[in-house]
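> Residue numbers (the UniProt record's numbering): 1 to 97.
The structure is given below, and queries will be raised subsequently.
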């Protein structure tokens, strides 16, 4: 479930889950959500393919997203560490005067 969309990713995931967990027809769920039924059907099919498709390079879509998030967090922590290192050096220099 990727690509350009007018709907947020979480909305699409929730809509797919609603279709799967509901005993109502897909068309009715789509109408209730204000989404074209073919659009919702495509989301469901894409989610089904994502679940059954073998992971690319041995890594699932969720794992790739987690890896992106972790890399971003590491970059933030490295920046914070650098700022603290510079602050410690500054204050050590000031205390030495």
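Glycine included, each C-beta is placed from N, C-alpha and C at the ideal position.
What you are looking at is a predicted structure, and each value in this text was computed from that prediction instead of being measured.
(1) What number of angstroms, rounded off, separates the C-alpha of residue 7 from the C-alpha of residue 76?
(2) Look at the alpha carbon of residue 45 and the alpha carbon of residue 82, and state the distance between them as a whole number of angstroms.
(3) Contact criterion: CB-CB distance below 7 angstroms. Does residue 75 meet it with respect to chain D?
(4) Taking all protein chains shown into account, decide if residue 71 is buried (16 or more other Cβ within 10 angstroms of its Cβ) or exposed.
(5) Can you tell me whether DSSP reads residue 21 as helix, strand or coil?
(6) Residue 27 lies in the alpha helix (DSSP H); which residues open and close that run?
(7) Let me confirm a value: residue 67 is counted as buried when at least 16 other C-beta atoms fall within 10 Å, else exposed. Which label applies?
Taking the structure as given:
(1) Near 29 angstroms, if we compare the C-alpha coordinates of residue 76 and residue 7.
(2) Cα atoms of residue 45 and residue 82: separation of roughly 46 angstroms, rounded to the nearest angstrom.
(3) Of the chains in the structure shown, none is chain D; there is only one protein chain.
(4) Residue environment: residue 71 is assigned as exposed (fewer than 16 neighbouring CB atoms within 10 Å of its CB, all protein chains considered).
(5) Residue state for residue 21 is assigned as helix, using DSSP reduced to three classes.
(6) Per DSSP, residue 27 belongs to the alpha helix (DSSP H) from 26 to 33.
(7) The residue in question, residue 67, is exposed, as its Cβ has fewer than 16 Cβ neighbours within 10 Å.
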